[in-house]
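The block underneath contains the structure these notes are about, expressed in structure tokens.
Chains as they are written, first to last, in the working numbering: chain A, 1 to 257; chain B, 1 to 394.
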């Protein structure tokens, strides 16, 4: 297991950032809820050729066949650029976040669920080009997401297709940033909102109540480079299924009593 | 599911709201910088684009412009028009290089400080196919094409220094220039944008001016439009032969004039109006020249009486002609090449027949046609392009 972790960590470090970007997809979350009262929380780290990100997810089924979901996504990349002014080199960074909520309806089967989620969220991407040159973009995302999950005692598999409407409603841009990036941002301003699908999923090993999973999301059709979008993310996640956790605790407390 | 209906409605509302809002703010100068700058200057809120693009008929044969740095060009523009940077506060670079004349002067000799007069005709900046653009030379390196009529400056920056420190032009020392620039409040924000610091040095001043001057492309002429079209089907290095063919958008007179030009003038000035074929030549203005031109700098006997060979872009806009402005119009220039070339031991071979000066024998209609062609080399856009205009509040 250890070599695998080391290799993966190495990959993530190599993958982390070398250009600015204005959108990065979070993981397509697939809640493993099959009945009222089920819930889960997930934390994941992900990397791509340009980023190192954090993904946090919580879902809960308050009613039969109904789920609410909360996601928080934090994007980050940084690299050092030689100073074109001939002075010392300087750090360029990308930082961003997205908070979103969704509601969903699911149909449980013996092997898992089929579900449909509708969500909305907003966030910000802030690219710092060094020497106080900053491009700050606000973003809003609406999505509709059918998902399928399969689970048994030791295995989890979830896939989803997220139909995204991505809007950039606002921006605060220092015109001194690279002219090519100004052109890209002006393109975002003009052509936003964008509609596109993202495909994603996770596959995990389950040790009650924990799941260790590998996650992947890919922006399916956008020509990402044209808009400085980060087109994919790959990473590892750790999930806790709340109903199992509480069941275990209850069982322990009964034993203690 | 009914319980979820309000939530779905809320999402739909968010979606609609999101579609309505669009608030992008691009900023370049801070509020404080804008306050300072706007007292003295009319600069656009966002800087102009100074990228130079060569027409395809030039880029196809390997000519390319050097990159201009926008923020330095913006600063260079202000310096170029700033009269404070002369000894008596009356002369800027723009006095001798007027935008409406393709950055030339309509006087044979321009007015310098204290009513002094220059000794040579002002070279039209807009006539040059991006000063140091040739074959990979850069701003601070040696240029294949040199500056001034006697080719004494290697780069645009050195050329600018020459004019700023010339006692008949601006009569400043570079130290004076740097000190004066530093004392003007409007330069601090511009220097910060261009160089990341408000520190002024004479090198940075010259670098900024050179960027501005290098941005003065004049490639939107009728000639370029036709040449682009005519060369579109060729690839690789097609040389001058393509330019011999008639241009479909030219009149018969313009095409005849082009042919005459290619047969009689292009061997020095170039057929594609890119890089001049020759850097210098003795064109027989005088058999015993008092102004030694390039030879006066190099001391070489064979270069005495030789001067820079300019490209002829915007030539119709830049009278008077020659290094001393002796010809008031193009007719006089053609008359000179018709019958006026003087013999000289180092008269250029193309201007000789045997050992005697060549008589080109242009007829009156030939001259009319050639002038019709030379008029196609003008880029009128340059004359009122705001990004090259005087930024100072009058």
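Beta carbons are placed, not taken as given, at the ideal position from N, Cα and C, and that holds for glycine.
Compare the C-beta of residue 186 of chain B against all C-beta atoms of chain A and say whether one is closer than 9 Å. Locating residue 186 of chain B in the second chain gives position 186, counting from the first residue. Not a single C-beta of chain A is nearer than 9 Å to the C-beta of residue 186 of chain B.
Applying the criterion that 16 or more other CB atoms from any shown protein chain within 10 Å of the CB defines a buried residue, is residue 169 of chain B buried or exposed? On the second chain, residue 169 of chain B is found 169 positions in, with the first residue counted as 1. Residue environment for residue 169 of chain B: buried (at least 16 other C-beta atoms within 10 angstroms of its C-beta).
Within chain B, partners of residue 170 of chain A - CB distance below 9 Å: Taking the first chain and counting its residues from 1, the one referred to as residue 170 of chain A is at position 170. What residue 170 of chain A touches in chain B: 21, 22, 23, 24 and 25.
CB of residue 104 of chain B to nearest heavy atom of the ligand SAH: below 8 Å? With respect to the ligand SAH, the structure shown offers nothing to examine, as it has no ligands at all.
Are the C-beta of residue 41 of chain B and some C-beta of chain A separated by less than 9 Å? Against the second chain, residue 41 of chain B aligns to sequence position 41. No - not a single Cβ of chain A is within 9 Å of the one on residue 41 of chain B.
Could you have a look at residue 393 of chain B and say whether DSSP puts it in helix, strand or coil? Your numbering for residue 393 of chain B matches position 393 in the second chain. Here residue 393 of chain B sits in coil by DSSP.
For residue 186 of chain B, the residue or residues it bridges with in DSSP: Residue 186 of chain B sits at position 186 when you count from the first residue of the second chain. The partner list for residue 186 of chain B (beta bridge, DSSP) is empty, contrary to what the question assumes.
Given that residue 146 of chain A touches chain B, what residues does it touch there, using C-beta distances under 9 Å? Here residue 146 of chain A refers to the residue found at position 146 when the first chain is read from its first residue. Here the premise fails: no neighbours, minimum Cβ distance about 16 Å.
Could you check whether the Cβ of residue 182 of chain A sits closer than 9 Å to any Cβ belonging to chain B? Residue numbering aside, residue 182 of chain A sits at position 182 when the first chain is read from its first letter. So, interface residue.
Residues that residue 175 of chain A contacts on chain B, provided the C-beta gap is smaller than 8 Å: Indexing the first chain from 1 puts residue 175 of chain A at position 175. Correct list: 26, 27, 28, 46 and 47.
Taking the straight line between their C-alpha atoms, what separation do you get for residue 135 of chain B and residue 62 of chain B? If you number the second chain from 1, residue 135 of chain B lands on position 135. If you number the second chain from 1, residue 62 of chain B lands on position 62. Note that residue 135 of chain B has pLDDT 40, beneath the 50 cutoff, so the model's placement of it is unreliable and the number below is only indicative. The straight-line gap from Cα to Cα measures roughly 7 Å.
Just tell me which of B:268, B:264 and B:272 has its CA closest to the CA of residue 247 of chain B. As a working note, residue 247 of chain B is residue 247 in the second chain. Closest option to residue 247 of chain B, Cα to Cα, is B:272.
For a contact meaning CB atoms closer than 9 Å, what does residue 71 of chain B contact in chain D? Absent from the structure is chain D; the protein chains it does hold are A and B.
Can you give the beta carbon distance from residue 91 of chain B to residue 68 of chain B, rounded, assuming they're within the 8 Å contact cut? The residue given as residue 91 of chain B occupies position 91 in the second chain. The residue given as residue 68 of chain B occupies position 68 in the second chain. About 25 Å separates the two Cβ atoms, so there is no contact after all.
Helix, strand or coil for residue 128 of chain A per DSSP? Here residue 128 of chain A corresponds to residue number 128 of the first chain, with the count starting at 1. It is a strand residue.
Apply the 10 Å Cβ neighbour rule to residue 180 of chain A and answer buried if 16 or more other Cβ atoms are within range, or exposed otherwise. In the first chain, the residue the question calls residue 180 of chain A occupies position 180. An exposed status is given to residue 180 of chain A, since fewer than 16 other beta-carbon atoms sit within 10 Å of its beta-carbon.
Residue 184 of chain A: buried (16+ other C-beta within 10 angstroms of its C-beta) or exposed? Looking up residue 184 of chain A in the first chain gives position 184. It is buried - the Cβ of residue 184 of chain A has at least 16 other Cβ atoms within 10 Å.
So with CB distances below 8 Å, who are the chain B contacts of residue 209 of chain A? In the first chain, counting from the first residue as 1, residue 209 of chain A sits at position 209. The premise fails here: residue 209 of chain A is roughly 27 Å from chain B at the closest Cβ pair, so nothing lies under 8 Å.
Do residue 24 of chain A and residue 71 of chain A have their C-beta atoms within less than 9 Å of each other? For the purposes of this step, residue 24 of chain A is identified with residue 24 of the first chain, where counting begins at 1. For the purposes of this step, residue 71 of chain A is identified with residue 71 of the first chain, where counting begins at 1. Using a Cβ distance threshold of 9 Å, residue 24 of chain A and residue 71 of chain A do not count as a contacting pair.
Specify whether the segment 297-306 of chain B and the segment 96-103 of chain B touch according to this definition: at least 3 beta carbon pairs, one from each stretch, less than 8 Å apart. Counting Cβ pairs under 8 Å, fewer than three are found: no touch.
State yes or no: is the C-beta of residue 47 of chain B within less than 9 Å of the C-beta of residue 70 of chain B? Indexing the second chain from 1 puts residue 47 of chain B at position 47. Indexing the second chain from 1 puts residue 70 of chain B at position 70. One thing to note: residue 47 of chain B has its Cβ within 9 Å of the Cβ of residue 70 of chain B.
Return yes when the Cβ of residue 129 of chain A is within less than 9 Å of the Cβ of residue 177 of chain A, no when it is not. Here residue 177 of chain A corresponds to residue number 177 of the first chain, with the count starting at 1. Here residue 129 of chain A corresponds to residue number 129 of the first chain, with the count starting at 1. Between residue 177 of chain A and residue 129 of chain A, the C-beta spacing is below 9 Å.
Residue 237 of chain A burial status per 10 Å Cβ neighbour count (16 or more: buried): For the purposes of this step, residue 237 of chain A is taken as the residue at position 237 of the first chain. Buried: at least 16 other Cβ atoms inside 10 Å.
Residue 94 of chain B to residue 133 of chain A span [Cα, whole Å]: Looking up residue 94 of chain B in the second chain gives position 94. Looking up residue 133 of chain A in the first chain gives position 133. Roughly 33 Å separates the two Cα atoms.
Can you list, in chain order, the residues of its chain with a C-beta nearer than 7 Å to that of residue 198 of chain B? Leave out the 5 residues immediately preceding and following it. By one-based count along the second chain, residue 198 of chain B stands at place 198. Closer than 7 Å at the Cβ level, and outside the excluded window around residue 198 of chain B, lie 188, 191 and 192.
Since residue 150 of chain B is in the alpha helix (DSSP H), which residue starts that stretch and which ends it? Translated into positions along the second chain, residue 150 of chain B becomes position 150. That residue, residue 150 of chain B, is in no alpha helix (DSSP H); it is neither H nor E in DSSP.
Beta-carbon proximity check, residue 115 of chain A vs residue 42 of chain A, cutoff 9 Å: Walking along the first chain from the start, residue 115 of chain A turns up at place 115. Walking along the first chain from the start, residue 42 of chain A turns up at place 42. No.
Return the CA-CA distance between residue 138 of chain B and residue 239 of chain A, expressed in angstroms with no decimal places. The count along the second chain starts at 1 and reaches residue 138 of chain B at position 138. The count along the first chain starts at 1 and reaches residue 239 of chain A at position 239. Unreliable placement is indicated for residue 138 of chain B, whose pLDDT of 42 sits below 50; the coordinate value is still reported in the next sentence. Taking the straight line joining both Cα atoms gives about 58 Å.
Can you tell me where the alpha helix (DSSP H) holding residue 77 of chain B begins and where it ends? Here residue 77 of chain B refers to the residue found at position 77 when the second chain is read from its first residue. Per DSSP, the unbroken alpha helix (DSSP H) holding residue 77 of chain B starts and ends at 70-81.
Roughly how many angstroms lie between the CA atoms of residue 215 of chain A and residue 31 of chain A, to the nearest whole one? For the purposes of this step, residue 215 of chain A is taken as the residue at position 215 of the first chain. For the purposes of this step, residue 31 of chain A is taken as the residue at position 31 of the first chain. The straight-line gap from Cα to Cα measures roughly 13 Å.
Residues near residue 73 of chain A in its chain [Cβ-Cβ closer than 6 Å; skip 5 each side]: Here residue 73 of chain A refers to the residue found at position 73 when the first chain is read from its first residue. Result list for residue 73 of chain A: 26, 55 and 98, in chain order.
9 Å Cβ cutoff, residue 244 of chain A in contact with chain B: For the purposes of this step, residue 244 of chain A is taken as residue 244 along the first chain, with counting starting at 1. Using beta-carbon distances, residue 244 of chain A does not count as an interface residue toward chain B, since no partner is under 9 Å.
Against chain A, does residue 193 of chain B count as a neighbour if the rule is that its beta carbon must be under 9 Å from one of theirs? Within the second chain, the letter at position 193 stands for residue 193 of chain B. Closer than 9 Å: yes.
When you compare only the Cα positions, how much space is there between residue 259 of chain B and residue 138 of chain A? Your numbering for residue 259 of chain B matches position 259 in the second chain. Your numbering for residue 138 of chain A matches position 138 in the first chain. Cα atoms of residue 259 of chain B and residue 138 of chain A: separation of roughly 60 Å, rounded to the nearest angstrom.
Would you call the segment 212-228 of chain B and the segment 44-60 of chain B in contact, with 3 or more CB pairs under 8 Å? Yes, they touch.
Distance, Cα to Cα, residue 388 of chain B vs residue 115 of chain B? Position 388 of the second chain, counted from the start, is the residue given in the question as residue 388 of chain B. Position 115 of the second chain, counted from the start, is the residue given in the question as residue 115 of chain B. Per the coordinates, the alpha-carbon of residue 388 of chain B lies some 26 Å from the alpha-carbon of residue 115 of chain B.
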